[in-house]
Amino acid sequence: MHDEVIVKELAGKIRGHQEILLANLVMMGETPAPTFQEQGRVRFLLDRFRESELHEISSDEVDNGVGLLRGSEGNKTIGVFAHLDTLFGEKDSHTLSMHTNRVRGVGLGDNSVGAAVLVSLPTLLERLGIEFKCNILFAGVSRSIGRGNLGGIRFLLENGVYPVDLAMCLEGVPLGRLNYSSLAMIRGEIRCSVPDEYDFSRFGVNGAIVHLNWVINQVLKIPRPTRPRTSVIFGSIEGGNSFGTLANEAILRFEIRSESDEVAEEIWRKFENIQLEGHARFGAEIDLDVVARRNSGGLPFDHPLVEAAREVMAELDIEPQIGPSMSELAACIDHGIPAVTMGLTKGYSVNTRQEEVTIDDLFEGIAQVVATLVQMDALGEENAD
Amino acid sequence: MQIESWLKTNTFHHSAFWDLKQLVEEKEKQNLKISVCIPTLNEEKTIGKEIVIFRSELMSRYPLIDEIAVIDSGSKDKTLEVAASFGADTYLSKDILPEEGFKRGKGENLWKAIHQLDGDIICYVDADITNIHPRFVYGLVAPLIYQSETKYVKAFYDRPLAFSQGIRPSGGGRVTEILTRPLFSLFFPELTALVQPLSGEYAVRREVLEEIAFPVGYGVEISHLIDVYTLWGLHAFAQTDLDKRVHRNQATTDLGKMAFGILQSFLNRARNLDMVELKTELTTVLRQFQVQEGDFKQKLHTIVEEERPPIITVPGYREKFGR
Chain E
19 MHDEVIVKEL AGKIRGHQEI LLANLVMMGE TPAPTFQEQG RVRFLLDRFR
69 ESELHEISSD EVDNGVGLLR GSEGNKTIGV FAHLDTLFGE KDSHTLSMHT
119 NRVRGVGLGD NSVGAAVLVS LPTLLERLGI EFKCNILFAG VSRSIGRGNL
169 GGIRFLLENG VYPVDLAMCL EGVPLGRLNY SSLAMIRGEI RCSVPDEYDF
219 SRFGVNGAIV HLNWVINQVL KIPRPTRPRT SVIFGSIEGG NSFGTLANEA
269 ILRFEIRSES DEVAEEIWRK FENIQLEGHA RFGAEIDLDV VARRNSGGLP
319 FDHPLVEAAR EVMAELDIEP QIGPSMSELA ACIDHGIPAV TMGLTKGYSV
369 NTRQEEVTID DLFEGIAQVV ATLVQMDALG EENAD
Chain Z
1350 MQIESWLKTN TFHHSAFWDL KQLVEEKEKQ NLKISVCIPT LNEEKTIGKE
1400 IVIFRSELMS RYPLIDEIAV IDSGSKDKTL EVAASFGADT YLSKDILPEE
1450 GFKRGKGENL WKAIHQLDGD IICYVDADIT NIHPRFVYGL VAPLIYQSET
1500 KYVKAFYDRP LAFSQGIRPS GGGRVTEILT RPLFSLFFPE LTALVQPLSG
1550 EYAVRREVLE EIAFPVGYGV EISHLIDVYT LWGLHAFAQT DLDKRVHRNQ
1600 ATTDLGKMAF GILQSFLNRA RNLDMVELKT ELTTVLRQFQ VQEGDFKQKL
1650 HTIVEEERPP IITVPGYREK FGR
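First to last, the sequence lines map onto chains E and Z.
Following my numbering from start to finish, the first sequence increments by one per residue and tops out at 403.
Following my numbering from start to finish, the second sequence increments by one per residue and tops out at 1672.
Structure representation (structure tokens):
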């Protein structure tokens, strides 16, 4: 089905166009795009799609940016998605620097590299002389991270003109990442706050941080089954303002993850009970909010799409790092769209201000994407009505 | 006064030249070759990005530039390795026209670039710009492509000072406002029309570069302006607003050295044009102060503004270009 020699040559051919890719990385990566504020990147993406002469170029009401590469048959559509938002705000310096085989700067792995590869692909495919029978829908999607709750891709899949039959999601790091399933996930926030009239003398010298500490201890007592695999992750804690003043407010951000939707919901109900008990015990406000949800699901190991991706990675000597994903893949799964997520390059200190990604590995990462798209094209046409 | 009419006809904003396809078509119609020269000394942090942006946007996507060369003064860091890894042609200044010797200084690199590069137009861009963008080139070469009478295009921009804590707006161009503009106001009022006379980004026709001298140190920009003005007048110039330029900021003591060098070049030219008479030989020592353990001590800097002659006078150049 697949010419091994051509796959192995792809990385070298892609390297020959490195300046296009790296320039897109600079121009995309140096445009801030905190969640809900991706407009700058969308404008750049649409300009690039116009230069590549894609069809149906547009942005929608939630700031997704899309463009269509029409296939020779056009019976099916393959979606290629990359989220545009990053964890970093407007006030963070987004200046990138280029070094021999390294790019440094914020937001690269999650997901400026993915976004840059997305806008580069139409040009690269043309220069590589690769054509498709299926349509390819390129989409830079918004509102992926945190409270965005995959709002961009959900809107696109629910309202897009072209139904997507197969999908590939691009993530900057790590090279070898291969996701084809999603865990059930409930992302939430617990906020403990004490009112101004709180009587510290009655309940001892406690503030919101101590109340939150009690909440955390109760959460740690919740039994978590080993099968289905389930975990509770504490992502961040904040509270208080100084050394000597009791905290009026403390916040815990967390995720419940499980292979089972039912188990995740059961643990969420236990969080709700802890909330009620804490409120009664301390007389403090304990608010529990859902920020985002995912359902479990995905493709089996031997699904043709998964097999195709693994074959390509084997030909490129890329060791697959298989695991579940809570990113755009989860939205595709919810819509019954066979999809994979692929990581593009190696990264270090990801999501910190000292982040770096490697350049040479990026050519391998793009080669795997291109070769997998070729395989997806064949799969799509095989199953065309 | 000519300034008002010149400002109207020869001051541009880079956005006027957004249509790169049209610009390339006109360039090709005129059979022009355009070279970009980036003079460097220890710029490994920023050089890679400049090369990548120019090669992608102005060679690969739109063939506006025919060559990009890094001319280096002898960097001790990885400037040349980084530049070469991203596809730039790299040269050591001392290896160009070796029979003419080597003088350390940015002006030396700019002068030798005229010999090394083949372009009918040479665009000079400094290497320390962190917000590099294709407009830093197309904004400067476009007036030369569209206006045949224009010979020398300068960049101007809002230059925020970049501090380690972040960026705050305005405050750039200290040597311009405190030294250069007052000198121009006194001696060359028409040159005050240039918003940023000391900017390190400019594009020039080869036939102009051949005829003007190049101070090797701080005085190169101001000398160019006086020489081009003297030979061809205000209308040889144009200027383009490139919006913001973010770069590594220099300490006041370093700006003092720059001002000293500029003043040397200026006074030498003013004297040669019989605009001033100097009754004493100028010293080449700048005296600054530093405090060490409570004591004020003088720090002496010897700054000699050597000059390279117009390159048309150099035999090696005339031979290469058939002059």
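Even for Gly, the Cβ is constructed at its ideal location relative to N, Cα and C.
Chain-ordered neighbours of residue i on chain E, where CB pairs are closer than 7 angstroms
i: isoleucine 1402 (chain Z); result: Ala41, Val44
i: threonine 1479 (chain Z); result: Thr113
i: glutamate 1430 (chain Z); result: Thr118
Within-9 angstroms CB hit, residue i to chain E
i: phenylalanine 1435 (chain Z); result: yes
i: valine 1595 (chain Z); result: yes
i: glutamate 1550 (chain Z); result: no
i: leucine 1510 (chain Z); result: Below a pLDDT of 50, predicted positions are generally treated as unreliable, and leucine 1510 (chain Z), at 47, falls in that range; no measurement from the model is reported.
i: glutamine 1598 (chain Z); result: Position check: residue 1598 (chain Z) holds asparagine in this sequence, whereas glutamine was assumed. By this cut-off, asparagine 1598 (chain Z) is not an interface position.
i: lysine 1357 (chain Z); result: no
i: lysine 1648 (chain Z); result: no
i: arginine 1517 (chain Z); result: Caution applies to arginine 1517 (chain Z), whose pLDDT of 44 falls short of 50 and renders its modelled position unreliable; the model cannot decide the point.
i: glycine 1520 (chain Z); result: Because glycine 1520 (chain Z) carries a pLDDT of 36, less than 50, the predicted location of this residue cannot be relied on, and the following value inherits that uncertainty. Chain E contact via Cβ: absent.
i: threonine 1360 (chain Z); result: no
Range of the contiguous beta strand (DSSP E) that encloses residue i
i: cysteine 152 (chain E); result: No beta strand (DSSP E) contains cysteine 152 (chain E), which DSSP labels as neither H nor E.
i: methionine 405 (chain E); result: A query on residue 405 (chain E) cannot be resolved here, the shown segment of chain E reaching from 19 to 403 and no further.
i: arginine 1554 (chain Z); result: 1551-1554
i: isoleucine 1470 (chain Z); result: 1470-1473
i: aspartate 1421 (chain Z); result: 1416-1421
i: serine 1548 (chain Z); result: Run containing serine 1548 (chain Z): none; DSSP gives neither H nor E here.
i: phenylalanine 1586 (chain Z); result: 1586-1593
i: alanine 185 (chain E); result: 184-189
Interface residues of chain Z facing residue i [CB-CB closer than 9 angstroms]
i: glutamate 37 (chain E); result: Ile1400, Val1401, Ile1402, Phe1403, Arg1404, Ser1405, Glu1406, Met1408, Ser1409, Phe1435, Gly1436
Cβ of residue i within 9 angstroms of any chain Z Cβ
i: alanine 29 (chain E); result: no
i: glutamate 79 (chain E); result: no
i: arginine 224 (chain E); result: For clarity, residue 224 (chain E) is asparagine in the given sequence; the question names arginine instead. No, asparagine 224 (chain E) lies away from the interface with chain Z (no Cβ there is under 9 angstroms from its Cβ).
i: glutamate 48 (chain E); result: yes
i: glutamate 373 (chain E); result: no
i: glutamate 144 (chain E); result: no
i: glutamate 71 (chain E); result: no
i: glutamine 386 (chain E); result: no
Chain-ordered neighbours of residue i on chain E, where CB pairs are closer than 9 angstroms
i: threonine 1395 (chain Z); result: Ser115, Met116
i: lysine 1427 (chain Z); result: His117, Thr118
Residue i vs residue j beta-carbon contact at 9 angstroms
i: valine 308 (chain E); j: glycine 206 (chain E); result: yes
i: glutamine 339 (chain E); j: glycine 315 (chain E); result: no
i: phenylalanine 99 (chain E); j: valine 159 (chain E); result: yes
i: leucine 1372 (chain Z); j: tyrosine 1487 (chain Z); result: yes
i: alanine 1476 (chain Z); j: threonine 1395 (chain Z); result: yes
i: serine 1434 (chain Z); j: alanine 41 (chain E); result: no
i: methionine 46 (chain E); j: alanine 157 (chain E); result: no
i: glutamate 399 (chain E); j: cysteine 152 (chain E); result: yes
i: leucine 196 (chain E); j: alanine 357 (chain E); result: no
i: threonine 49 (chain E); j: histidine 112 (chain E); result: yes
i: valine 388 (chain E); j: leucine 139 (chain E); result: yes
i: alanine 51 (chain E); j: alanine 385 (chain E); result: no
i: histidine 229 (chain E); j: phenylalanine 300 (chain E); result: yes
i: proline 213 (chain E); j: glutamate 295 (chain E); result: no
For residue i, the first and last residue of its enclosing alpha helix (DSSP H)
i: threonine 1632 (chain Z); result: Run containing threonine 1632 (chain Z): none; DSSP gives neither H nor E here.
i: lysine 43 (chain E); result: Position check: residue 43 (chain E) holds leucine in this sequence, whereas lysine was assumed. Leucine 43 (chain E) -> alpha helix (DSSP H) spans 36-47.
i: phenylalanine 1533 (chain Z); result: 1530-1536
i: glutamate 333 (chain E); result: 322-333
i: glutamate 1393 (chain Z); result: 1393-1404
i: asparagine 1458 (chain Z); result: 1455-1465
i: isoleucine 1611 (chain Z); result: 1601-1621
i: phenylalanine 62 (chain E); result: 57-69
Check: residue i C-beta below 8 angstroms from any heavy atom of the ligand GTP
i: valine 191 (chain E); result: No copy of the ligand GTP appears in this structure; indeed no ligand is present at all.
- Segment contact, 8 angstroms Cβ cut-off, at least three pairs: the region 1556-1573 of chain Z with the region 1447-1461 of chain Z: Segments in contact, yes.
- Task: Say whether the region 172-185 of chain E touches the region 100-112 of chain E, bearing in mind that this needs 3 or more beta-carbon pairs closer than 8 angstroms, one atom from each stretch.
- Result: Contact between the region 172-185 of chain E and the region 100-112 of chain E is absent, because fewer than three Cβ pairs lie under 8 angstroms.
- Sufficient close CB pairs (3 or more, under 8 angstroms) joining the region 1543-1552 of chain Z to the region 1426-1440 of chain Z: Under the Cβ criterion (8 angstroms, minimum of three pairs), the region 1543-1552 of chain Z does not count as touching the region 1426-1440 of chain Z.
- Item | Given 8 angstroms, three or more beta-carbon pairs between the region 1352-1360 of chain Z and the region 115-125 of chain E | With the cut-off at 8 angstroms, the region 1352-1360 of chain Z and the region 115-125 of chain E do not touch.
- Task: Inspect the CB distances between the region 1613-1625 of chain Z and the region 1581-1593 of chain Z and report whether three or more fall short of 8 angstroms.
- Result: Contact between the region 1613-1625 of chain Z and the region 1581-1593 of chain Z is absent: fewer than 3 CB-CB pairs across the two stretches fall below 8 angstroms.
- Determine, using beta-carbon pairs with one atom in the region 1521-1540 of chain Z and one in the region 1550-1564 of chain Z, whether at least three such pairs fall under 8 angstroms. By the Cβ test, the region 1521-1540 of chain Z is not in contact with the region 1550-1564 of chain Z, since fewer than three Cβ pairs between them sit closer than 8 angstroms.
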